[in-house]
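The sequence shown: position 155 = 141 (our numbering), numbered continuously.
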Amino acid sequence: MTTARNDTRVTLGGRHAHLWWIRPDTLTDPAELARGRALLTDDEREKTDRFRFARDRHTCLITRVLVRTTLSRYCDIPPARWRFRTNDHARPEIGTPPSTIRFNLSHTNGLIVCLVSRGREVGVDVESLNRANRWLDLAERFFAPREAAVLRRVDASERPTRFLEYWTLKEAYVKARGLGLAIPLTGFSFDLPARALDDIRIRFTPAIDDDDARWQFTLERFGRDHLVATAVQRDGPEPVRITLHEAVAPLA
Ligand SMILES: CC(C)(COP(=O)(O)OP(=O)(O)OC[C@H]1O[C@@H](n2cnc3c(N)ncnc32)[C@H](O)[C@@H]1OP(=O)(O)O)[C@@H](O)C(=O)NCCC(=O)NCCS
-13 MTTARNDTRV TLGGRHAHLW WIRPDTLTDP AELARGRALL TDDEREKTDR
37 FRFARDRHTC LITRVLVRTT LSRYCDIPPA RWRFRTNDHA RPEIGTPPST
87 IRFNLSHTNG LIVCLVSRGR EVGVDVESLN RANRWLDLAE RFFAPREAAV
137 LRRVDASERP TRFLEYWTLK EAYVKARGLG LAIPLTGFSF DLPARALDDI
187 RIRFTPAIDD DDARWQFTLE RFGRDHLVAT AVQRDGPEPV RITLHEAVAP
237 LA
């Protein structure tokens, strides 16, 4: 893993993807936050200000700053110059200046991540492990029958974590496709290997027109409290290499 200030330049090859992460609570300097806010468009500032709770406003601001400063590590475009558009399902993408870079974002209490690739579809999801118990009953409704059956079978003590592993992977795939809930969540399922999590397979039912050979997945614990899943489009048997990069203050 590398750590990088916002002015560190990074090269991104076609066979690589970079997973940038930051703990928003580490950014507290008012002058830095003001500089970060100045990088945003009026719309982004309005979106940030609409959140009721200060913590959510902070996360939203840092997310916008993280994306802008991350993208600017790969080329000569200043962070404030990026303009984003959304696809029909609300996925943010680079609008201008045109770029081959693709990215996807996820945020939850205490962690923001941004997955970046060159031309490949990418999706990322971060979830807080503390939430698993609360959501367990959603499995029967939203998971594929194979996944729900595994959850019923595993030891009760393992169930919340296993639930969240499936959930995080499902979100990462849905986000890589950029289609949101237009994809039926029961239409695909994951095989989680018992030990090494480097051979995660997706299976599709006929409800989804996709090919399992087109995707690779990772699932990792981030500290004690978070789980992060990535979905990266591949174009052959050779895996895409994903490296972790910590973005550190000052970001702006
Ligand atoms: C956006 C979505 C895809 C994920 O939302 P989430 O898990 O609550 O939130 P995350 O923090 O992981 O992701 C939010 C980010 O995803 C991005 N995003 C929004 N729509 C997206 C889409 N259609 N595809 C990919 N990314 C999207 C945005 O950057 C957004 O952050 P921003 O608004 O600050 O820019 C959500 O709208 C959704 O449809 N989720 C599926 C809900 C569900 O039932 N999942 C069950 C899985 S088992």
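Ideal placement from N, C-alpha and C gives every residue a C-beta, glycine not left out.
Keep in mind the model is a prediction, meaning the values are calculated, not measured.
query                                                                                                                                      : result
May I ask which residues mark the beginning and end of the beta strand (DSSP E) holding G109?                                              : V108 to S114
Output the boundary residues of the beta strand (DSSP E) element that contains F129.                                                       : Premise fails: F129 is in no beta strand (DSSP E) and is neither H nor E.
Tell me whether R77 is buried or exposed, calling it buried when 16 or more other Cβ atoms sit within 10 Å of its Cβ.                      : buried
My output table needs one value for H75: the three-state DSSP class, helix, strand or coil.                                                : coil
Would you say the beta carbon of H75 is closer than 7 Å to some non-hydrogen atom of ligand 1?                                             : yes
For Q202, which residues in the same chain have their Cβ closer than 7 Å to its Cβ, ignoring the five residues on either side in sequence? : V218, R220, P225 and V226
With burial defined as no fewer than 16 other Cβ atoms inside 10 Å of the residue's Cβ, what is the status of G81: buried or exposed?      : exposed
Any chance the CB of L165 is under 7 Å from a heavy atom of ligand 1?                                                                      : yes
In terms of alpha-carbon separation, which member of G(-1), I194, R207 and D42 lies closest to R104?                                       : G(-1)
For F149, which three-state DSSP category applies?                                                                                         : helix
Got a sec? Which residues, its chain only, sit under 7 Å from T251 by beta carbon, not counting five neighbours each side?                 : Within the shown structure, residues of the chain are numbered from -13 to 238, placing residue 251 beyond reach of any answer.
Using a threshold of 8 Å, state whether the C-beta atoms of I194 and F208 are closer than that.                                            : no
Which stretch, first to last residue, makes up the beta strand (DSSP E) that contains A215?                                                : H212 to Q219
Please report how far the alpha carbon of L237 lies from the alpha carbon of L52, in whole angstroms.                                      : 7 Å
Just how far apart, CA to CA, sit E126 and L171?                                                                                           : 11 Å
Can you tell me where the beta strand (DSSP E) holding C100 begins and where it ends?                                                      : L97 to R104
If V110 and T216 are in contact, beta carbons under 8 Å, what's the gap, nearest whole angstrom?                                           : 5 Å
In whole angstroms, what is the alpha-carbon distance linking D198 and P192?                                                               : 12 Å
With a CB to CB cut of under 8 Å and the five nearest residues on each side skipped, what residues in its chain are close to G166?         : H75, A76, R77 and V160
Relative to the alpha-carbon of K156, which residue among F128, P146 and E144 has its alpha-carbon at the smallest distance?               : F128
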